[in-house]
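This report refers to the structure that appears directly beneath it.
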Amino acid sequence: MAAGLKNRLWVALGVAACGASLAHAADPVKNYPLRPLRLVSAFAAGGNSDTVGRLLAPKLAERLGQNVIVENRPGAGSMIGTAYVANATPDGHTILVMSGAFTSQAAVMKTLPFEPLRDFDWISLVVVYPFVVVVNTGSPIHTVSDLVVAAKRNPKKLNYGSVGIGSVFHLAAELFNSMAGTDILHVPYRGSTEPTTELIAARLDVIFNTLTGAHPHIQAKRLRAIAVASLERSPQLPNVPTVGETLPGYEVTSFVALAAPRGTPRAVIARLNREVRAVLDQPDIRQRFINMGGTAQPSTPGEMGRHLEAEIAKWKRIVAEKKIELQ
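Here my numbering is used: the first residue of the sequence shown is 133, the next is one more, and so on.
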């Protein structure tokens, strides 16, 4: 082979190899993640979504080979952070750590800065927290039946507190009113701790709270749980019956889940789902969630979507039935 031809052949092979290498390096899906990930919590530091995000971040970083940073973008009842992720570049580097507020807002708000079921791609459920029905330890109410009887004997006399109109805490109690045929009055508060403080002071009759929020006060005997709102009894409160044992079908849980902006490549969603499920299979993570009053709940993207759709539909029915409107 002539020297000139041989040289040209080597140059051609080199260019081809270089092109293939550049093409591989430029493929954002094959090389995902390309930079640190941001887990965006739409609430301030210390809330459930923030805490869960900070538990997941180092574990995901180990598996993905990139830093994972928790970023808090609170405001407007979580709408600011949620809208931020909805409008982010759909490349899998900005992920929403969403909570149960997502479903209640979708049911109550007439307009949102995002489309709840259209602007996101689901990654996985992460953890589910049962609600719990709690009363003051000095209350004569010891069971769900006691609560129903007292409420029917004294219509519009008993009250419950929530963190605000349209919150899951509000809707949980109105679902109870609907199913039990009671009329326990709503007292909305602005702060997340005020209903609990008022119940401890015996200025409220009952609240519907997450087990995470209520458990420390139950342990300290400041409050008494009369029922948990999950379909099965809670490992943290094995002797406390479910609401469903008296009102069949009643179920209220909150959750934390992960979502990406709509249009994120399917391969990236699949990778994230796979890594999240692997993290949630780790015994230390599962135990941490149990200690927080929850249960690890890995899911497929489809299962997560169906869960959200069912929750939103449930709350929309209650909002319509009870004519709940934001003031």
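All C-beta atoms, glycine included, are put in the ideal place defined by N, C-alpha and C.
Does DSSP put residue i in a helix, a strand or coil?
i    : result
K454 : helix
P373 : coil
N204 : strand
T214 : helix
T226 : strand
P320 : strand
I297 : coil
L404 : helix
V360 : strand
V388 : strand
P433 : helix
T328 : helix
A157 : For A157, the predicted model reports a pLDDT of 46, less than 50, meaning its position is unreliable; a value from the coordinates is still stated below. Here A157 sits in helix by DSSP.
L166 : coil
L412 : helix
A442 : helix
L307 : helix
A428 : strand
K448 : helix
In the DSSP assignment, find the unbroken alpha helix (DSSP H) run with residue i in it and report its ends.
i    : result
Y292 : No alpha helix (DSSP H) contains Y292, which is instead part of the beta strand (DSSP E) from 291-294.
T467 : Past the edges of the chain, shown from 133 to 459, lies residue 467, and the structure says nothing about it.
L192 : 180-196
R418 : 415-423
By the DSSP assignment, the beta strand (DSSP E) with residue i in it spans what residues?
i    : result
R335 : Segment: none, R335 is in no beta strand (DSSP E) and carries neither H nor E.
L397 : Inspection of the sequence shows that residue 397 is occupied by Pro rather than by Leu. That residue, P397, is in no beta strand (DSSP E); it is neither H nor E in DSSP.
R365 : It is not in any beta strand (DSSP E) - R365 carries neither H nor E in the DSSP assignment.
S173 : 169-173
For chain E, check one thing: does any of its Cβ atoms lie closer than 9 Å to the Cβ of residue i?
i    : result
I401 : Of the chains in the structure shown, none is chain E; there is only one protein chain.
What is the C-beta distance between residue i and residue j, in whole angstroms, given that I count them as a contact (C-beta under 8 Å)?
i    : j    : result
A352 : Y382 : Actually they are not in contact, since the Cβ atoms of A352 and Y382 sit about 27 Å apart, beyond 8 Å.
G78  : T342 : Any question about residue 78 goes unanswered here, given that the chain covers just 133 to 459.
A428 : V259 : 6 Å
K454 : E326 : That belief does not hold up - the Cβ atoms of K454 and E326 are roughly 22 Å apart, past 8 Å.
H225 : P165 : 6 Å
A359 : I350 : So it is not a contact: roughly 12 Å between Cβ atoms.
For residue i, verify whether its CB is less than 8 Å away from any heavy atom of the ligand ATP.
i    : result
H347 : Looking for the ligand ATP in the displayed structure turns up nothing, as the structure carries no ligands at all.
(message) Quick check: the region 379-398 against the region 220-239, are at least 3 beta-carbon pairs closer than 8 Å?
(response) yes
(message) Below 8 Å, how does it come out for the region 182-202 and the region 399-411: are there three or more Cβ pairs, yes or no?
(response) yes
(request) Determine contact between the region 277-291 and the region 215-226, defined as no fewer than three beta-carbon pairs at a distance below 8 Å. (result) Short answer: they don't touch.
(message) Below 8 Å, how does it come out for the region 446-454 and the region 302-314: are there three or more Cβ pairs, yes or no?
(response) yes
(request) Specify whether the region 249-258 and the region 390-398 touch according to this definition: at least 3 beta carbon pairs, one from each stretch, less than 8 Å apart. (result) yes
(request) Entirely within the region 224-288 and at least 3 residues each: give me those beta strand (DSSP E) ranges in chain order. (result) 226-231, 252-268
(message) Whether or not the region 265-276 and the region 409-417 are in contact is what I'm after, with contact meaning three or more pairs of Cβ atoms, one per stretch, closer than 8 Å; do they touch?
(response) no
(request) Check whether the region 433-444 touches the region 240-253, counting contact only when three or more Cβ pairs, one atom from each stretch, lie closer than 8 Å. (result) Three or more pairs of CB atoms, one per stretch, sit closer than 8 Å, so the region 433-444 contacts the region 240-253.
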